[in-house]
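Here's the structure we're looking at; comments come further down.
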Amino acid sequence: MKSNLIVALGICVLSTAALVGQESRPWPPQKLSDGQPDVQGIWAATMAGSTSLTNPISGGEDFDQRVSGKEIKRPSRIIDPPDGQLPYQPWAAARQKQEEKDYEHPTRPEHIDTQHRCLLSGIPRLYTIVPAYKIVQTPGQVIFIWDEYHAYRVIPLDNRPHPASNVKLWMGDGRGHWEGNTLVVDTTNVRGARLTYIGDFYTDNAHVTERMTFNDANTMTYEATVTDPTVFTRPWTMRIVHKRRPDDEVWENSCWEGNVNPDVWLDKK
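Mapped onto this note's numbering, the consecutive letters of the sequence shown carry residue numbers 573 to 841.
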């Protein structure tokens with residue numbers, strides 16, 4: 573009887589270990605000719621919208637409530653620091669608050685968010701917005717194509733160096749490599765940019781490390797760690813889940829680049 577119990581327990585332990593191993597095994601994607609995981613297709617962020625990183629809302633009624641003082645608390649996209657807040661230096665926190673006020677009651681064209689002026693959003697902001705994007709892979713590179721303002725990124729995988737530091741690009745300069753099912757992109761040479769409608773920002777000194785982990789055929793976890801010692805007291809990391817959109821398309825986005833229309837946008841009060 574005792575030996576039977578020991579055998580049964582042993583089988584149970586082995587079965588459990590097998591199940592744990594099965595669950596922890598990474599998704600095995602199809603491979604392309606150059607060995608890349610095949611993740612091509614249309615993707616989009618969940619809980620999309622770039623109003624806020626720490627209290628993300630989609631706009632419309634949500635934004636009206638926020639402006640009226642009835643803040644809607646959603647889980648922060650900031651996973652580090654643990655408090656979910658951006659670690660601004662005091663001067664930068666004051667600037668963000670002023671830019672939030674200017675956004676809510678714009679009196680000059682530059683108070684209007686760059687997205688609304690049809691300017692490129694940059695990295696990592698483009699991975700938080702509503703429109704879908706397309707991933708295309710060719711040997712030695714990964715290409716991202718958005719319908720927003722015809723934005724695109726070409727990420728080479730050949731370890732080529734970044735350009736000189738005085739070259740500043742709207743989308744930054746990305747260099748990537750695969751770690752299993754995770755595309756790791758080192759992004760430098762960024763232009764100072766707004767990260768949200770409410771004035772979160774970084775400067776030309778920012779450095780972004782992105783990790784795009786394809787958890788299964790239809791889910792990708794996007795993480796970006798931003799380092800900018802000019803603005804922040806420490807690096808911070810955001811996370812947002814993306815889903816495949818097999819029935820979606822990347823459409824033409826008709827927008828007047830540099831859009832300035834004071835009669836419509838500016839607060840005349």
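Glycine residues also receive a C-beta, built at the ideal position from the N, C-alpha and C atoms.
6 Å CB neighbourhood of residue i in its chain, flanking five on each side removed
{"i": "residue 624", "result": "768 and 770"}
{"i": "residue 788", "result": "599"}
{"i": "residue 651", "result": "809 and 811"}
{"i": "residue 728", "result": "713"}
{"i": "residue 671", "result": "771"}
{"i": "residue 777", "result": "800 and 802"}
Nearest-angstrom Cα separation, counted from residue j out to residue i
{"i": "residue 785", "j": "residue 714", "result": "14 Å"}
{"i": "residue 732", "j": "residue 695", "result": "20 Å"}
{"i": "residue 700", "j": "residue 621", "result": "6 Å"}
{"i": "residue 658", "j": "residue 809", "result": "9 Å"}
{"i": "residue 680", "j": "residue 725", "result": "31 Å"}
{"i": "residue 711", "j": "residue 663", "result": "45 Å"}
{"i": "residue 747", "j": "residue 730", "result": "8 Å"}
{"i": "residue 738", "j": "residue 761", "result": "7 Å"}
{"i": "residue 717", "j": "residue 607", "result": "22 Å"}
{"i": "residue 654", "j": "residue 749", "result": "28 Å"}
{"i": "residue 673", "j": "residue 605", "result": "51 Å"}
{"i": "residue 706", "j": "residue 666", "result": "37 Å"}
{"i": "residue 740", "j": "residue 795", "result": "23 Å"}
{"i": "residue 790", "j": "residue 779", "result": "29 Å"}
{"i": "residue 633", "j": "residue 736", "result": "Caution is warranted here: a pLDDT of 46 is assigned to residue 633, below 50, making its placement in the model unreliable, and no coordinate value can be reported."}
Residue i and residue j closer than 8 Å at C-beta
{"i": "residue 612", "j": "residue 708", "result": "yes"}
{"i": "residue 797", "j": "residue 807", "result": "yes"}
{"i": "residue 775", "j": "residue 800", "result": "yes"}
{"i": "residue 692", "j": "residue 742", "result": "yes"}
{"i": "residue 822", "j": "residue 704", "result": "yes"}
{"i": "residue 745", "j": "residue 824", "result": "no"}
{"i": "residue 773", "j": "residue 766", "result": "yes"}
{"i": "residue 758", "j": "residue 616", "result": "no"}
Proximal residues to residue i (C-beta, below 8 Å), its chain only, five neighbours per side dropped
{"i": "residue 598", "result": "752 and 753"}
{"i": "residue 660", "result": "668, 803, 804 and 805"}
{"i": "residue 818", "result": "613 and 614"}
{"i": "residue 648", "result": "625, 626, 627, 628, 656 and 657"}
{"i": "residue 618", "result": "812, 813, 814 and 815"}
{"i": "residue 610", "result": "601, 602, 603, 604 and 709"}
In DSSP terms, what residue i is bridged to
{"i": "residue 815", "result": "616 and 791"}
{"i": "residue 784", "result": "755 and 794"}
{"i": "residue 728", "result": "713"}
{"i": "residue 603", "result": "609"}
{"i": "residue 762", "result": "741"}
{"i": "residue 856", "result": "Any answer about residue 856 is impossible in this case: the structure gives the chain only from 573 up to 841."}
{"i": "residue 734", "result": "In the DSSP output, where bridge partners are listed per residue, residue 734 has none listed."}
{"i": "residue 747", "result": "758"}
{"i": "residue 779", "result": "799"}
{"i": "residue 623", "result": "Note: residue 623 sits in no beta bridge, so no partner."}
{"i": "residue 650", "result": "810"}
{"i": "residue 823", "result": "For residue 823, which the question treats as bridged, DSSP gives no partner whatsoever."}
heavy atom of the ligand SAH below 7 Å from residue i C-beta
{"i": "residue 810", "result": "Absence of the ligand SAH from the depicted structure is noted, as is the absence of any ligand whatsoever, leaving it without description."}
Beta-carbon contacts of residue i that lie in its chain and below 7 Å, excluding the five residues immediately before and after
{"i": "residue 675", "result": "683, 685, 769, 770 and 771"}
{"i": "residue 678", "result": "684, 837, 838 and 839"}
{"i": "residue 755", "result": "714, 748 and 784"}
{"i": "residue 734", "result": "745, 747, 760 and 761"}
(request) Please specify which runs of the alpha helix (DSSP H), each continuous and at least 4 residues long, are wholly inside the segment 661–710, giving them in chain order. (result) 662–676
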